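Below: one structure, written as structure tokens.
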Amino acid sequence: MTAPTAPDSNVRAWLPGFLTVAVIWGASFLFIKIGVRELHPLYVTLGRVVAGALTLLVALAVLRDRLPRDPKLWLHMVVIAAVGVALPFTFFGYGEQRVSSILAGIWNATTPLVVLPMAVLVFRTERMTARRAIGMTLGFLGVLVVLGAWRGLGGAEFTGQLFCFAAAACYGLSIPYQKRFVAGRPESGVALSAAQLLVAAGQLAIVAPLVAGAPPAPTSLSFDVIASVLALGALGTGLAFVINLRTIRLAGASTASTVTYLIPIFAVLIGVLALDEQLAWYQPVGAVIVLAGVAVSQRLLGRRRPRRGPDPGPDPAVAPQQSVEPAVPR
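One point on numbering: in UniProt numbering, the residue at position 85 of the sequence shown is 85, and numbering is uninterrupted.
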């Protein structure tokens, strides 16, 4: 028997892909903002899910992989597709009808704060520690700062922020559900994610016409909207996931998971430069407090004891979309 090898530490091998994923997922909020200008949020979600599913099916063919065969797994996918894909994607769309893409990107960073209590209290896949409790408390203080709670809460912007937080809460439910019922299966991450997207596409194809009416003719949509929806699916929900799996193989899951801290930064930069969006002073301050809370709860601040052996993978409460488990990127 041979000892497992540590991930390649050559930064030049994995850093370009790592930064590419951060940019793509940070830009996803820009694409949503453009998409909801002319499309109902449900149709933005349907379009990106279909494009993402097709991209991952192509990846499966290239990798000579295949979709899962277990019927019980597909039943779990019904839950995961609804709570982890269709609902959060749509909630971000509703949110960005009322708030900037910058704020949506900031709210995405609160996902680990919801994942942890769900994992501890509901699914029993994690345990609470004093450090995690302190980190969660700090993170939720940051949420209040992002909201500007001292200014009073209400209005369309507050509603939009609630939609964005609801999206993060959906991820907070779906990630520990996946860890409890799907983690450790022999299927690849690409196969499991493709299955999620196919099921979500079926769900949305039924719900979208009932809620939003008949879809608009593609010829009635602007090029920017069509391109944004395709980019959301092909890049953000497809290609970025495959690139991130490569980063996990080369640098280790813990390193790959730190892309979570770059996504809000790129979301802010892209929103300011591409859409001329503005931030109130307290919103980036709150975002920093949120990320600090996540870092404290996950022992990313301060001294850490060195681990022996290979990297076991990221805690899903750090960066759920970066796990090799079947989570779908933003």
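Positions of the beta carbon are idealized from the N, C-alpha and C atoms, including for glycine. Quantities reported herein were computed from a predicted structural model and do not represent experimental measurements.
Reduced DSSP secondary structure (H/G/I, E/B, other) of residue i
i	result
residue 244	helix
residue 217	coil
residue 154	coil
residue 128	coil
residue 10	coil
residue 110	coil
residue 17	helix
residue 148	coil
residue 123	coil
residue 327	With a pLDDT of only 40 at residue 327, under 50, the local geometry of the prediction cannot be trusted, and the value read off the model is given with reservation. The answer is coil: DSSP assigns residue 327 none of H, G, I, E or B.
residue 135	helix
Buried or exposed by the 16-neighbour rule on C-beta atoms within 10 Å, applied to residue i
i	result
residue 239	buried
residue 134	exposed
residue 179	buried
residue 132	buried
residue 219	exposed
residue 244	buried
residue 45	buried
residue 237	buried
residue 213	exposed
residue 150	exposed
residue 278	exposed
residue 201	buried
residue 17	buried
residue 184	exposed
residue 259	buried
residue 211	exposed
residue 242	buried
residue 10	exposed
residue 62	exposed
residue 332	Any answer about residue 332 is impossible in this case: the structure gives the chain only from 1 up to 330.
residue 308	Summary for residue 308: the model assigns pLDDT 46, below 50, so the residue's position carries little reliability; its value from the coordinates is reported in the next sentence. Exposed, since its Cβ has fewer than 16 Cβ neighbours within 10 Å.
residue 75	exposed
Minimum Cβ-Cβ distance from residue i to chain C less than 7 Å
i	result
residue 138	Among the chains of the structure shown, chain C does not appear; only one protein chain is present.
Contact belief for residue i with residue j at Cβ below 8 Å, rounded distance in angstroms
i	j	result
residue 166	residue 91	5 Å
residue 207	residue 171	About 19 Å; that fails the 8 Å criterion.
residue 250	residue 48	No, residue 250 and residue 48 are not in contact; Cβ-Cβ is about 27 Å, not under 8 Å.
residue 42	residue 230	Going by Cβ atoms, the distance from residue 42 to residue 230 rounds to 17 Å, so no, they are not a contact pair.
residue 122	residue 128	The Cβ separation is near 12 Å, so there is no contact.
residue 118	residue 196	About 18 Å separates the two Cβ atoms, so there is no contact after all.
residue 96	residue 29	7 Å
residue 235	residue 53	The pair is not a contact, with the Cβ atoms about 14 Å apart (cut-off 8 Å).
residue 252	residue 136	The Cβ separation is near 25 Å, so there is no contact.
residue 106	residue 79	About 28 Å separates the two Cβ atoms, so there is no contact after all.
residue 256	residue 265	The Cβ separation is near 17 Å, so there is no contact.
So within the segment 25-100, which uninterrupted alpha helix (DSSP H) runs reach at least 4 residues, ignoring any that extend past its ends? 41-63, 71-81 and 87-96
Restricting to runs no shorter than 3 residues, where is the beta strand (DSSP E) found entirely within the UniProt domain "EamA" (159-296)?
none
* Asked: For the segment 150-163 against the segment 15-28, are there 3 or more C-beta pairs whose distance is under 8 Å?
  -> no
Three or more C-beta pairs closer than 8 Å, one from the segment 54-71 and one from the segment 186-201: is that the case here?
yes
TODO: Give a yes or no on contact between the segment 95-112 and the segment 269-280, applying the rule of three or more CB pairs nearer than 8 Å.
DONE: yes
- Query: Touching or not, the segment 107-123 and the segment 160-176, by the rule of three or more beta carbon pairs under 8 Å?
  - Reply: yes
- Query: Does the segment 280-296 come close enough to the segment 137-151 to have 3 or more Cβ pairs within less than 8 Å?
  - Reply: yes
Discussion item. Across the segment 160-168 and the segment 31-38, are there enough close Cβ pairs to call them in contact, namely three or more that are closer than 8 Å?
Written reply: no
Margin query: Taking 8 Å as the cut-off, does the segment 73-85 touch the segment 212-232 (at least 3 CB pairs, one atom from each stretch)?
Written below: no
Touching by the beta-carbon criterion (3+ pairs, under 8 Å), the segment 274-282 and the segment 51-60:
no
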